[in-house]
Amino acid sequence: MSGGKLPEGWGKTVIGDIADVISGGTPKSGIAENFAPSGEGIAWLTPADLSGYKKKFISHGARDLSTEGYSSCSAKLMPAGAILFSSRAPIGYVAVASNEISTNQGFKSFVFTNDIYPDYAYYYLRNIRHLAEEMGTGTTFKEISGSAAKTLPFVMAPLAEQKIIAEKLDTLLAQVDSTKARLEQIPQILKRFRQAVLAAAMRGELTEIWRARNSFNLSLQKYYELTKGQKLKAKNISEPCEEKTWLRCNIGHIFNVKSGDGLTAKEMNASGDIPVYGGNGITGYHDKYNTEEPIIVIGRVGYYCGSVHLTPEKSWITDNALLVDFNRELIAKQFAYWLLKATNLRVDTSSSAQPVISGTKIYSIEIVIPPIEEQHEIVRRVEQLFAWADTIEKQVNNALTRVNSLTQSILAKAFRGELTAQWRAENPELISGENSAAALLEKIKAERAASGGKKTSRKKA
Numbered sequence: 137m138s139g140g141k142l143p144e145g146w147g148k149t150v151i152g153d154i155a156d157v158i159s160g161g162t163p164k165s166g167i168a169e170n171f172a173p174s175g176e177g178i179a180w181l182t183p184a185d186l187s188g189y190k191k192k193f194i195s196h197g198a199r200d201l202s203t204e205g206y207s208s209c210s211a212k213l214m215p216a217g218a219i220l221f222s223s224r225a226p227i228g229y230v231a232v233a234s235n236e237i238s239t240n241q242g243f244k245s246f247v248f249t250n251d252i253y254p255d256y257a258y259y260y261l262r263n264i265r266h267l268a269e270e271m272g273t274g275t276t277f278k279e280i281s282g283s284a285a286k287t288l289p290f291v292m293a294p295l296a297e298q299k300i301i302a303e304k305l306d307t308l309l310a311q312v313d314s315t316k317a318r319l320e321q322i323p324q325i326l327k328r329f330r331q332a333v334l335a336a337a338m339r340g341e342l343t344e345i346w347r348a349r350n351s352f353n354l355s356l357q358k359y360y361e362l363t364k365g366q367k368l369k370a371k372n373i374s375e376p377c378e379e380k381t382w383l384r385c386n387i388g389h390i391f392n393v394k395s396g397d398g399l400t401a402k403e404m405n406a407s408g409d410i411p412v413y414g415g416n417g418i419t420g421y422h423d424k425y426n427t428e429e430p431i432i433v434i435g436r437v438g439y440y441c442g443s444v445h446l447t448p449e450k451s452w453i454t455d456n457a458l459l460v461d462f463n464r465e466l467i468a469k470q471f472a473y474w475l476l477k478a479t480n481l482r483v484d485t486s487s488s489a490q491p492v493i494s495g496t497k498i499y500s501i502e503i504v505i506p507p508i509e510e511q512h513e514i515v516r517r518v519e520q521l522f523a524w525a526d527t528i529e530k531q532v533n534n535a536l537t538r539v540n541s542l543t544q545s546i547l548a549k550a551f552r553g554e555l556t557a558q559w560r561a562e563n564p565e566l567i568s569g570e571n572s573a574a575a576l577l578e579k580i581k582a583e584r585a586a587s588g589g590k591k592t593s594r595k596k597a
């Protein structure tokens, strides 16, 4: 299809010509007796009930109205098959009523004639959500009025074809949702993979074969004692280290930490390009720096305390973070970074309202360190595996972007008649004559004229 031309047997109209547009209402919220538990009163929806709701049909919201509550407000019971369409906060949530249901004033719902298949109307309204949003007015939040909702365009296929379109969309969009769900699981799988890689690296498993091929005459423990001129005294650690060339020690033997310099949000110069590190990593930017080489930073306070970062050459470290210094004769910077990331630094923080760590708290944590040569090999292998994971994650994100646009693409094709072109060719009698959309529209027009334009009446509770 191109140029907006409709398939043979289709027609165009506006929703107000083929459906009653129904608003809703809310009883006084301060009177508990106006409401009932979900499923125990009169079914009633608010837009919040459709937030994140993925199913086509809905029977109840988070709570129902009581008989008294329903009678005291302008909510209207609509029949099963009514199309529930949120008109504000936001515009365009849509579902099909699986039973009699009412809504609050955040809806402009549609009760179509029997010549409109509810599932078809549901998918069509999903397809034109952007048009409804464009028609919204208001300053605090956009809202589409009842009169505007009546003017929404409606592309009408013959009734038999409406059902075929809805069935095809059921199948295709279920496949899209399934694909999306599987793709969305992969980042968590990759997160666990990275954690497993780091854990294996720090146990020496990544370099087990490499280590067998590369022997060292001097253990790191002995080297420590020679360079320090003293016997290693470690607290709360098991002896000896399984790998004879590795050093089992406490963080305090190798690392020293200190807080950065205070810098409030008001003091930051946001036009600068120097990253500012706080308890949660980068918290802003500044035009000055207090360190001019890449350093390891640990979040000191807050929910993300214990998180480890490696800064660029110039950065500002605030007093909500810890600058890490270490014995460079014993440990390489990049290995130190990965070692600390693999170590749980959030010790003694569970009972604190505001989690905080310090050198005093982390210095006694046990760590195991291989010789410098093996550290470099571990870093190489870790970063190689992480780069592989990053590549996969990028591919997954690109695929998710394409999948997210696929739903609207499929809906657009459906309402251009592209999904049912072969079906129309095989069933010409079902799209012509009295079965054509033009004939259906004339029938609907005559029925509505005969009823005097009578709208869906408000049912008693």
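So the sequence shown is numbered by my numbering: it starts at 137 and just counts up by one. Ideal Cβ placement from N, Cα and C applies to all residues, glycine included.
Relative to the Cα of F193, the nearest Cα in the group L213, G217, I154 and R517 belongs to G217. Distance from the Cα of L326 is smallest, within the candidate group N540, N240, T556 and A523, for A523. A Cβ-Cβ separation of about 6 Å places R347 in contact with E510 under the 8 Å criterion. S202 sits close to A172, with the two beta carbons spaced by under 8 Å. Annotated three-state conformation of N533 is helix, per DSSP. Contiguous beta strand (DSSP E) elements confined to the region 376 to 406 occur at 383 to 386 and 391 to 395, taking only those with 3 or more residues. DSSP places R224 within a strand segment (E or B) once states are collapsed to three. Taking a cut-off of 8 Å for Cβ pairs, the region 230 to 240 and the region 150 to 170 touch, as three or more such pairs fall below it. R328 counts as exposed, since fewer than 16 other C-beta atoms from the protein chains shown sit within 10 angstroms of its C-beta.
Assigned with DSSP and collapsed to three states, K148 falls in strand.
In the DSSP secondary-structure assignment, L181 is bridged to T239.
Around E428, the same chain offers E449 and K450 as residues with beta carbons nearer than 7 Å, after the five sequence neighbours per side are excluded. Beyond the five residues adjoining it in sequence on each side, A550 comes within less than 6 Å, by CB distance, of I301 and L305 in the same chain, given in chain order. Judged by DSSP secondary structure, S245 falls within the beta strand (DSSP E) whose first and last residues are S245 to F248. Shown here, R262 sits in a helix according to DSSP, grouped into three states. Contact between the region 399 to 417 and the region 434 to 447 is established, with three or more Cβ pairs separated by less than 8 Å.
For I410, the enclosing beta strand (DSSP E) covers residues I410 to G414. A straight-line Cα-Cα distance of about 29 Å links K191 and K530. With distances taken between CA atoms, S222 lies nearest to F243 out of L213, F243, S208 and C209. With contact defined as three or more Cβ pairs closer than 8 Å, the region 169 to 189 and the region 252 to 263 are not in contact. Per DSSP, reduced to three states, the secondary structure at G420 is strand. CA-to-CA, the gap between I580 and I154 works out to about 7 Å. Restricted to the region 463 to 499, not a single beta strand (DSSP E) segment is unbroken, complete and at least 3 residues in length. Note on geometry: alpha-carbon atoms of G340 and D313 lie some 41 Å from one another. By the neighbour-count criterion, in which 16 or more other beta carbons inside 10 Å mark a residue as buried, G145 falls on the buried side.
With a cutoff of 8 Å on beta-carbon distance, W382 and V515 are scored as not near each other. Per DSSP, L326 lies in no beta strand (DSSP E); the unbroken alpha helix (DSSP H) holding it starts and ends at L295 to M338.
When DSSP states are grouped into helix, strand and coil, P215 belongs to the coil group. In the three-state reduction of the DSSP assignment, L186 falls in the helix class, which pools H, G and I. A direct Cα-Cα distance of roughly 39 Å separates T447 from S187. Out of V291, T454, N350 and P183, the CA that lies nearest to the CA of I151 is found in V291.
Annotated three-state conformation of Y206 is helix, per DSSP. A residue is called buried once 16 or more other Cβ atoms fall within 10 Å of its Cβ, and R538, having fewer, is exposed.
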